[in-house]
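Here the structure is laid out as C-alpha cells; the discussion comes afterwards.
Numbering (the working numbering), first residue to last: 13 to 450.
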C-alpha cells in the first residue's frame, strides 16, 4: 500500500500527463478531458480518505515499545472511593489492532455450532475438525498483546473500568448494542470500556465504534488471549483439555459459554464491572462493589431464587470469582442453556449460605432485572389506553428511583420494535448520545 506522501505526487503526475495528451486533440475533446480529470481527482480524494481512515486507526492505537511484557506484569490493585480499579503505572501503551479480521459476515457464526442431534462422540469429532475456525481459542501476534494493551488502556484517566464481550461477527454489532454503550457513557462519561472481541478488534470494528470515539469516549475492542486470561486459574486446564479434543463442546454455541467464562476471568485478573451488551445503564454502577443481582425472588420470604451474571461487579482477585471459575470447570455442560452462566452463579452462592468472608452484596431484582424474561415485551410497547399510559409513567418513576439499569433480555426481545412512547423509548431519549435509532 502506498504511503500518503507517495500517493499525491503520483496522482499529480498522472493528471499532468492526461492534460499533455489532451492538448494534442481538438477542442471537441476538451470537455471530455476535463470530465476525465475531475473523475480522477474525485477518485484520488476517495482513496485519500480511505487511507487516512486506516492510518489514523493504526496510528492512534500504536503501542509504545518502551516497556517489555515482563515489566507490565507488575501492576498492583488500588481502590478509591469511587469503586474498583487498578493502578497501572508500568505501561502507557494504547491499544492497537494489527489487521482486519476475515470472515466476519453475519452468516459465519452458524457453522460453529455442532450439527443438530449429534452425539457426544460426534460433537467431539466435529469440534476437532473445526478447531482451526475457533480462532478465539488460539494465541497469535495480536492476542498475545492483550495484557499490555488492557493495562495501557485502563490508565489513570479512567474513573472506572468496564468490560463487555462480543463473540459474534463485527457486522452484527448494531444499534441495540450501541445503545447499551451509549447509556454507559451517558452515566459514566469518564469511564473506560474494553470489549473483549476478536471480530470487533478490526478496522470494521473501529469504524463501528468511531462515532463514540469521535466524541472522546474511551471504548476499545481488544482481541482476548484465552491462554493468558485463564492462566493460573482452574480454567487453564479446562482450555487445554478442550483444545486437545477431550471435552464435549456441547450443542449450544461454544462462544456463548466462553463469554460466561471470560467475564469471570477478566474480572478476576483486573477487577471492574462486567455488562452484557443488552443492558441499559440508568445510574452510576461505580458506587457498587462486589455485587451481583438477583433475577427473581420468593414473594413470601423475600429470599432470592435465582441470580444472574449479566451484570457482575467485583474487586480484582475476589475469591468468589475463583469459585465461579472452578464451578464452570467442574460442572461444564454445553448442552443446557444457562447452566454455565446464571445457574452457575446461583449454585455457587447458594452453597455459600451465610458463610462470612466473601464480602458479597446481592441486590434485589429491581436493581438490574426490573422486568423478567417473559415480561420484557411490555417495556417495548406503546401505551394505547389511558391506563397503559399511567402504567408507563409509574414504571419510569419506579426505575428512576430503584433501578441501576434494565436488562433487555435480547434472547427474547431482539426482534421487538421499540415503539414510540414505550418505557424503553422513553429511557433511550434520556440516555442516548448518538440517538440514531429514534
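The beta-carbon is built from N, C-alpha and C at its ideal position, and this holds for glycine as well. As the structure is a computational prediction, the values presented were derived from the model and not from experiment.
Check your understanding: For residue 312, does the three-state DSSP call read helix, strand or coil?
Key -> coil
Point to revise | Burial state of residue 327 (16 or more Cβ within 10 Å) | key: buried
Review point. For residue 278, which residues of its own chain have a beta-carbon under 6 Å away from its beta-carbon, when the five flanking residues on both sides are left out?
Key: 175
Point to revise | residue 141 CB to nearest heavy atom of the ligand NAD below 7 Å | key: As for the ligand NAD, it is missing from this structure, which has no ligand bound.
Review point. How would you label residue 144, buried or exposed, when you count the other beta carbons within 10 angstroms and need 16 or more for buried?
Key: exposed
Review point. Looking at the unbroken alpha helix (DSSP H) that takes in residue 230, where does it start and where does it end?
Key: DSSP places residue 230 in no alpha helix (DSSP H) but in the uninterrupted beta strand (DSSP E) bounded by 230 to 234.
Practice item. Specify whether the region 212 to 222 and the region 298 to 314 touch according to this definition: at least 3 beta carbon pairs, one from each stretch, less than 8 Å apart. Key: no
**Study point:** Reduced DSSP category for residue 318 - H, G, I as helix; E, B as strand; rest coil
**Key:** strand
Practice item. On the DSSP bridge assignment, give the partners of residue 176 in chain order. Key: 207
Exercise for review: Please state if the CB of residue 329 and the CB of residue 357 are separated by a distance shorter than 8 Å.
Suggested key: Cβ atoms of residue 357 and residue 329: not closer than 8 Å.
**Study point:** Distance between residue 150 and residue 131 (C-alpha atoms, nearest Å)
**Key:** 26 Å
Review point. Going straight from the alpha carbon of residue 189 to that of residue 289, what length do you get?
Key: 5 Å
Review point. Pairing CB atoms from the region 287 to 302 with CB atoms from the region 409 to 425, are three or more of them under 8 Å?
Key: yes
Point to revise | Spatially closest choice to residue 429 from 380, 260, 230 and 389, by CA coordinates | key: 389
Point to revise | For residue 152 and residue 404, the rounded distance between their alpha carbons | key: 50 Å
Check your understanding: Can you tell me whether residue 299 is buried or exposed, with buried defined as 16 or more other CB within 10 angstroms of its CB?
Key -> exposed
Check your understanding: Whose C-beta lies closer than 6 Å to the C-beta of residue 85 among residues of the same chain, with five residues either side of it excluded?
Key -> With a pLDDT of 30 at residue 85, under the threshold of 50, the modelled position of this residue cannot be trusted, and the question is left open.
Practice item. Express the C-alpha separation of residue 409 and residue 333 in angstroms, rounding to a whole number. Key: 34 Å
Practice item. Could you check what DSSP says for residue 383 in three-state terms: helix, strand or coil? Key: Coil at residue 383, not helix or strand.
Point to revise | DSSP-derived helix/strand/coil call for residue 289 | key: coil
Practice item. Using only alpha-carbon positions, find the residue among 361, 285 and 341 that is nearest to residue 170. Key: 285
Practice item. Find the nearest neighbour of residue 232 within the set 245, 248, 223 and 206, judged by alpha-carbon distance. Key: Of the listed residues, the one whose Cα sits closest to residue 232 is 206.
**Study point:** residue 376 versus residue 317: straight-line alpha-carbon distance, rounded
**Key:** 11 Å
Review point. Would you call the region 336 to 347 and the region 240 to 247 touching, i.e. three or more CB-CB distances under 8 Å?
Key: yes
**Study point:** DSSP-derived helix/strand/coil call for residue 430
**Key:** Three-state result, residue 430: coil.
Review point. Taking one C-beta from the region 383 to 401 and one from the region 248 to 264 each time, how about it: are there three or more such pairs within less than 8 Å?
Key: No, they do not touch.
Review point. Since residue 373 is in the beta strand (DSSP E), which residue starts that stretch and which ends it?
Key: 373 to 375 is the extent of the beta strand (DSSP E) around residue 373.
Point to revise | Beta-ladder partner(s) of residue 324, from DSSP | key: 286 and 304
Check your understanding: For residue 158 versus residue 240, is the C-beta spacing smaller than 8 Å?
Key -> yes
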